[in-house]
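Numbering-wise, the sequence shown is residues 4 to 590 according to our numbering.
Don't be surprised by glycine CBs; every beta carbon is placed ideally from N, CA and C.
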Amino acid sequence: MAAVAGAGADGSGTAPDPLWFKDAIIYELHVRAFFDGSGDGQGDFRGLTAQLDYLQDLGVTAIWLLPFYPSPLKDDGYDIADYTSVNPDYGTLRDVRAFIREAHRRGLRVITELVCNHTSDQHPWFQRARRAPAGSVNRDFYVWSDTADRYREARIIFKDFETSNWSWDPVANAYYWHRFYSHQPDLNFESPQVRAALVKAMDFWLDMGVDGLRLDAVPYLYEREGTNCENLPETHAFLRELRAHVDERYGDRMLLAEANQWPEDSVAYFGQGDECHMAFHFPVMPRMFMSLRMEDRFPILDILEQTPPIPENAQWAMFLRNHDELTLEMVTDEERDYMYRVYAHDPQMRINLGIRRRLAPLMGNNRRRIELMNGLLFALPGTPVLYYGDEIGMGDNVYLGDRNGVRTPMQWSGDRNAGFSAANRQRLFLPIITDPEYHYESINVQAQQDNPHSLLWWMKRLIALRKQHPAFGRGSLEFLHPENRKVLAFVREFQGERILVVANLSRYVQYAELDLSAFAGQVPVEMFGHVEFPTIGERPFFVTLGPHAFYWFQLVTPATTAGGEAGPATLPSAGDLASLFQDDVRR
């Protein structure tokens with residue numbers, strides 16, 4: 004059995020595993036959007052705590068919370084006005100402590116955000132800085148200039164909203180630097196006081212019991228003339244200091260880098276195993292969508308083969324969707340045009356350099372495609388991150404501003420306000436989804452809990468199965484190369500356990516010959532239905548896959564081996580996981 008993420012977090016006396024994040028299954032949610040425990044139209048910590056049993060039953064092992072700090076909410080909380088307090092709409096510090104305690108009691112780790120690159124312009128630090136004399140300690144908390152011509156090589160990230168990385172402040176009578184929105188001035192990491200203040204904020208939450216911190220926008224911490232102001236050596240030096248502090252003081256806590264970069268640059272955020280424990284693999288995500296639509300495995304193989312090896316104590320975080328747009332920054336211009344054409348034909352679906360849609364609408368609400376994408380997410384190297392609501396196939400609202408279309412209230416039932424809140428509908432922080440195809444009366448937790456054939460039940464089985472096999476979280480990856488490029492096949496291996504994954508990226512039945520001669524004599528056991536298939540021989544292994552079907556096989560050595568060589572083995576063409584699940588339910 005795999006080590007259980009969160010072991011020891013409940014005070015059970017179990018020795019904590021410092022690599023718990025390798026076996027974790029992370030569930031990302033916004034406190035504001037999950038469940039309203041006070042009846043004011045916004046989610047809060049009391050509501051979230053009340054729904055922890057649901058998350059435990061789902062099988063996830065860690066909860067990633069989006070920012071819940073005091074904020075003007077111009078960027079949904081990523082514009083922080085106080086690093087060591089709680090937005091009063093979401094509760095109090097006492098509520099947070101109660102949530103962490105109850106999460107740990109259920110074996111659930113807690114991950115939250117350290118937005119270290121910038122603050123809100125309403126933060127007391129910025130209000131002091133703009134009024135402080137030039138060159139003073141308070142002034143130097145942020146990056147100032149008399150001209151907007153510095154750092155010209157730095158790209159503008161939010162091109163839909165900003166025309167420059169500099170904005171004029173009439174109080175300071177100077178320009179201030181911001182890589183994101185103009186209401187989010189960048190902190191000056193050249194200042195020792197800034198670095199110390201961020202470490203103090205981090206310690207505040209780790210001392211409270213938080214198990215991990217996502218470091219937001221880490222590539223942009225430092226600026227230097229003549230560079231693009233991304234991935235600078237100074238940033239990595241600071242991360243090494245941060246990691247050394249965390250390891251010395253806390254031991255089994257985790258730092259997760261949000262670095263939307265090409266693989267060779269993202270890998271650098273692990274250092275030599277002495278920077279971040281985890282980092283998101285942003286370039287894989289759009290290529291999974293590309294491979295599915297092109298019905299060709301090449302985009303996935305290409306980006307993973309470009310990815311350098313990482314330290315033994317490090318791990319990628321893998322995801323299909325999250326709270327932001329499906330980012331297309333780390334693709335070519337041609338690939339971006341293709342993704343817009345096939346997944347976002349309506350300009351309302353686009354924002355910045357990405358697509359603001361949830362998983363189910365991107366998949367055309369096609370159950371087989373949704374299952375296939377999740378099957379690959381949970382099988383590829385890394386720790387899977389599941390976005391709230393995607394386990395039930397929630398829809399989105401592209402007519403809401405910014406990224407709010409994918410941040411709507413969780414749909415718990417077909418009751419008023421989708422069971423999210425008892426408030427009047429007009430008081431909800433965002434409207435409930437009422438699109439006919441994704442209406443909350445049909446797409447909700449309660450309805451799917453009552454239906455053993457629902458997507459929710461399927462996801463619970465997928466999660467439970469992955470947790471039983473450490474090869475998924477810790478194993479090596481070896482791609483197979485059948486002639487049929489519509490079939491993706493690879494082997495995961497860890498401490499003698501071998502798992503063969505075969506996926507059909509096409510909407511039609513596909514056949515493939517797999518060279519499994521290296522595993523001759525072993526028996527593929529289909530892992531969902533526990534069905535044994537013909538023993539692997541020296542000849543090609545023929546596979547038949549239904550439309551958008553996939554298999555997970557455990558390769559096992561039989562107790563007794565029959566003499567003689569078997570002929571070519573063929574998997575049944577009916578091989579669709581849906582039927583296997585139905586058989587399992589009937590049993």
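Checklist entry - Skipping 5 residues on each side, what residues in its chain have a beta carbon closer than 6 Å to that of N316? => result G276
Item to check | Rounded straight-line distance, which links the Cα of Y179 to that of R153 | outcome: Going by the C-alpha atoms only, they are around 11 Å apart.
Next on the checklist: For the pair the stretch 332 to 351 and the stretch 49 to 67, tell me if three or more CB-CB distances fall below 8 Å.
Outcome noted: No, the stretch 332 to 351 is not in contact with the stretch 49 to 67.
Checklist entry - According to the neighbour-count rule (16 or more other Cβ atoms, all chains shown, within 10 Å of its Cβ), is N325 buried or exposed? => result buried
Next on the checklist: Does V34 come out as helix, strand or coil in the three-state DSSP assignment?
Outcome noted: helix
Checklist entry - Would you call the stretch 415 to 429 and the stretch 319 to 336 in contact, with 3 or more CB pairs under 8 Å? => result no
Item to check | Touch test, the stretch 96 to 112 against the stretch 163 to 182, Cβ-Cβ under 8 Å, three pairs minimum | outcome: no
Next on the checklist: As an exercise, report each continuous alpha helix (DSSP H) stretch of at least 4 residues that is fully enclosed by the stretch 72 to 113, in chain order.
Outcome noted: 96 to 108
Item to check | Inter-residue Cα distance where the pair is D451 and M462 | outcome: Note that residue 451 corresponds to Gln in the displayed sequence, not to Asp. Each residue's Cα considered, the two are about 11 Å apart.
Item to check | W1, enclosing beta strand (DSSP E) - first and last residue | outcome: The requested residue 1 does not occur in the structure, where the chain is confined to residues 4 to 590.
Item to check | Supposed contact pair L258 and L218 - C-beta distance, whole angstroms, cut 8 Å | outcome: 6 Å
Item to check | L96 burial status per 10 Å Cβ neighbour count (16 or more: buried) | outcome: exposed
Checklist entry - Quick one, which of R371, W319, P312, M352 has its alpha-carbon nearest L329's? => result M352
Checklist entry - By the 10 Å Cβ neighbour count, where 16 or more other Cβ atoms means buried, how is F37 classified, buried or exposed? => result buried
Checklist entry - Is DSSP giving D189 helix, strand or coil here? => result strand
Next on the checklist: Would G398 and I446 qualify as a contact pair, given that the criterion is a beta-carbon distance under 8 Å?
Outcome noted: yes
Item to check | Three or more C-beta pairs below 8 Å linking the stretch 134 to 147 and the stretch 204 to 219 | outcome: no
Checklist entry - Straight-line CA distance for R339 to R290? => result Each residue's alpha carbon lies about 10 Å from the other.
Item to check | Simplified DSSP assignment, three categories, for P527 | outcome: Note: P527 maps to strand in three-state DSSP.
Checklist entry - Looking at P311 and P266, is the spacing between their C-beta atoms short of 8 Å? => result yes
Next on the checklist: Suppose you measure from the CA of A320 to the CA of T386; what does that come to, to the nearest Å?
Outcome noted: 5 Å
Checklist entry - What do you reckon, are the CB atoms on G396 and L458 nearer than 8 Å? => result Less than 8 Å divides the Cβ of G396 from the Cβ of L458.
Item to check | Chain-order list of residues whose beta-carbon lies under 6 Å from that of L356 (same chain, five-residue window excluded) | outcome: Cβ-Cβ distances below 6 Å link L356 to L331, E332 in the same chain, with the five nearest sequence neighbours on each side left out; the list follows chain order.
Next on the checklist: Could you compute how far the alpha carbon of G46 sits from the alpha carbon of G212?
Outcome noted: 22 Å
Next on the checklist: For F497 and L519, I'd like the C-alpha separation in whole angstroms.
Outcome noted: 17 Å
Item to check | Proximal residues to H248 (C-beta, below 7 Å), its chain only, five neighbours per side dropped | outcome: V202
Checklist entry - Can you round the beta-carbon distance between D305 and L508 to whole angstroms, since I take them to be within the 8 Å contact cut? => result The pair is not a contact, with the Cβ atoms about 14 Å apart (cut-off 8 Å).
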